[in-house]
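A short worksheet on the structure shown next.
In our numbering, the protein residues as written are 1016 to 1092.
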């Protein structure tokens, strides 16, 4: 596993989260057609950069962009 692949996957996750307010943690790999381990490492990358937020509802974990990242995305698009 290279750092480049994880970084590319992090970009895909970020783009997906721009189009969806939030996504279930287990849905993410399927939605992006990524292997689970790569998708979860990408989430770790984004979490380390304080770009995502996790929340739990009814025992299910969801992930979304933090508000600051949503603003960056709106400005870029």
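C-beta atoms are modelled at their ideal positions from N, C-alpha and C, and glycine is treated no differently.
Residue burial classification, residue i (beta-carbon count within 10 angstroms, cutoff 16)
i            : result
residue 1090 : exposed
residue 1076 : exposed
residue 1057 : buried
Extent of the continuous alpha helix (DSSP H) run through residue i
i            : result
residue 1043 : 1043–1047
Residue i, enclosing beta strand (DSSP E) - first and last residue
i            : result
residue 1080 : 1075–1080
Residue i at chain C interface by Cβ criterion, 8 Å
i            : result
residue 1047 : The structure shown contains no chain C, having only a single protein chain.
Whole-angstrom distance between residue j and residue i, CA atom to CA atom
i            : j            : result
residue 1071 : residue 1079 : 11 Å
residue 1053 : residue 1031 : 15 Å
residue 1020 : residue 1037 : 23 Å
heavy atom of the ligand HEM below 7 Å from residue i C-beta
i            : result
residue 1072 : As far as ligands go, the structure on display features none, and thus does not contain the ligand HEM.
Check whether the stretch 1080–1087 touches the stretch 1041–1053, taking contact to mean three or more Cβ pairs, one atom from each stretch, closer than 8 Å.
-> no
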